[in-house]
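Just so you know, the protein sequences line up as chains X and U, in that order. In this text, residue positions in the first sequence follow my numbering: the first is 105, and each later residue adds one. In this text, residue positions in the second sequence follow my numbering: the first is 155, and each later residue adds one. This report refers to the structure that appears directly beneath it.
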Amino acid sequence: MKDSHEDDWTIDERAMLDALSRERTPSASLKRRTITAVRASRNEAAKWWMTRGLVLAAAASLIFIAGALVGFAAARHAAPPPPETPVAETTGQAVARSNAPTSDNQQTRHIVWY
Amino acid sequence: MGNSPEMSPSDVELVRVVRHSRSEAAFSALYDRHTPRVLQTAWRLLGGDTHGAEDVVQDAWVRAIASLDSWNQSESFGAWLRGIAAHVAIDQLRRERRLEFTGEIDAAGPEQSVEHIDLEAAIAALPPGYRAVLVLHDIEGFTHDEIGERLGMTAGTSKGQLFKARRAVRARLGIDAARTR
């Protein structure tokens, strides 16, 4: 909205301004080249979005694969070998094992109890 | 705009079709409806450069179609499009380093006699920066705030430039400024 109080043209001058043409006939070629330019711009934009989508998908895939590989490698290195003897045994378990009727257990029994 | 809503689809409908189905027919209808007015605005801002004005119109349409989502339907589509065209035209003047507000404006061109100059020519003969302020305010109806935003100046500066531009136009037309005050 124009600030009308700042319009210091006289009535005659204002009439001259209002009489100025508001429209101009475009050349015949302008419409065709505008349509071509709009279409090219849209194709460009679509290409940009497609490229962006592909790059994002590729980046996401790489991150996923890298994460999976790192996780797999870490799991392999961190996994402890299966223990030959239990790490912690309750006294009852040790006693029960030492009571088993094998020669090894007899030996173990002496170690445990003496 | 002189459209009869019963006979032809409204701008809102056409814009919706262009956005959703990219219809060339809908774009063509919008183009036919608004281009003559936009072209005149650009032509006037560029001081009567027809080829430059057509380039501005083409660029304005490309930008408008790319940013249809930003059109606020409370504003007329034509006014929104003319705003974009004004922006493009001002960018062009700025790129060519023609958008300057320096020194005094000549009262009359070196080869133009006052008797043969009309208002259109008087406006075209203004330096581009002054011409932009006058065209945008006095013909296109932009506020000084809007002009300041587009030209990168304050609203107060815009008012000052408009005053000078009007005085120069009056001088070119041979109108006694004192008579109009």
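All C-beta atoms, glycine included, are put in the ideal place defined by N, C-alpha and C.
When you compare the CB of residue i with every CB in chain X, is at least one pair closer than 9 Å?
i: residue 182 of chain U; result: yes
i: residue 285 of chain U; result: no
i: residue 303 of chain U; result: no
i: residue 325 of chain U; result: no
i: residue 189 of chain U; result: yes
i: residue 244 of chain U; result: no
i: residue 176 of chain U; result: yes
i: residue 208 of chain U; result: yes
i: residue 216 of chain U; result: yes
i: residue 273 of chain U; result: yes
i: residue 193 of chain U; result: yes
i: residue 219 of chain U; result: yes
i: residue 225 of chain U; result: no
Whole-angstrom Cβ separation of residue i and residue j, contact assumed at under 8 Å?
i: residue 195 of chain U; j: residue 303 of chain U; result: Actually they do not touch by this definition, with Cβ atoms about 17 Å apart.
i: residue 192 of chain U; j: residue 235 of chain U; result: 6 Å
i: residue 208 of chain U; j: residue 134 of chain X; result: 5 Å
i: residue 216 of chain U; j: residue 141 of chain X; result: 5 Å
i: residue 287 of chain U; j: residue 246 of chain U; result: Not a contact, Cβ separation roughly 16 Å.
i: residue 309 of chain U; j: residue 298 of chain U; result: 4 Å
i: residue 130 of chain X; j: residue 172 of chain U; result: About 19 Å; that fails the 8 Å criterion.
i: residue 190 of chain U; j: residue 127 of chain X; result: 4 Å
i: residue 188 of chain U; j: residue 232 of chain U; result: 5 Å
i: residue 276 of chain U; j: residue 323 of chain U; result: 5 Å
Counting only beta-carbon separations shorter than 9 Å, does residue i have a partner in chain U?
i: residue 151 of chain X; result: no
i: residue 129 of chain X; result: yes
i: residue 165 of chain X; result: no
i: residue 137 of chain X; result: yes
i: residue 146 of chain X; result: yes
i: residue 117 of chain X; result: yes
i: residue 120 of chain X; result: yes
i: residue 141 of chain X; result: yes
i: residue 158 of chain X; result: no
i: residue 109 of chain X; result: Only weak support exists for where residue 109 of chain X lies, its pLDDT of 48 falling under 50; the value from the coordinates is given anyway. No - not a single Cβ of chain U is within 9 Å of the one on residue 109 of chain X.
i: residue 124 of chain X; result: yes
By the criterion of Cβ-Cβ separation under 9 Å, what are the contact partners of residue i in chain B?
i: residue 132 of chain X; result: No chain B appears in the structure shown, which is made up of the protein chains X and U.
Could you name the residues of the same chain whose beta carbon sits closer than 7 Å to that of residue i, not counting the 5 residues immediately before and after it, in chain order?
i: residue 201 of chain U; result: 278, 282, 285
i: residue 301 of chain U; result: 287, 290, 291, 312
i: residue 159 of chain U; result: For residue 159 of chain U, the predicted structure reports a pLDDT of 47, less than 50, and the residue's modelled location is therefore unreliable. A value from the coordinates is still provided. Hits under 7 Å: none found.
Should residue i go down as buried or exposed, given a rule of 16 or more other Cβ atoms within 10 Å for buried?
i: residue 237 of chain U; result: buried
i: residue 219 of chain U; result: buried
i: residue 156 of chain X; result: exposed
i: residue 312 of chain U; result: buried
i: residue 272 of chain U; result: exposed
i: residue 180 of chain U; result: buried
i: residue 197 of chain U; result: buried
i: residue 163 of chain X; result: exposed
i: residue 178 of chain U; result: exposed
i: residue 280 of chain U; result: buried
i: residue 240 of chain U; result: buried
i: residue 296 of chain U; result: buried
i: residue 242 of chain U; result: buried
i: residue 117 of chain X; result: buried
i: residue 114 of chain X; result: exposed
Below 8 Å CB to CB, which residues in the same chain sit around residue i once its five sequence neighbours on both sides are set aside?
i: residue 249 of chain U; result: none
i: residue 180 of chain X; result: none
i: residue 320 of chain U; result: 288, 292
Cutting at 6 Å between CB atoms, please list the residues of its own chain near residue i, excluding the five before and the five after it.
i: residue 206 of chain U; result: 200
i: residue 168 of chain U; result: 180, 183, 184
Handout entry: beta strand (DSSP E) runs wholly inside the region 169–214 of chain U, at least 3 long, in chain order
Key = none
Exercise for the section: Just list the alpha helix (DSSP H) runs in the region 129–182 of chain X, keeping only unbroken ones of 4 residues or longer that don't cross its boundaries, in chain order. Expected result: Segments of the alpha helix (DSSP H) lying fully in the region 129–182 of chain X: 132–182.
Exercise for the section: Please list the segments of the alpha helix (DSSP H) lying wholly inside the region 218–252 of chain U, counting only runs of 4 or more residues, in order along the chain. Expected result: 231–249
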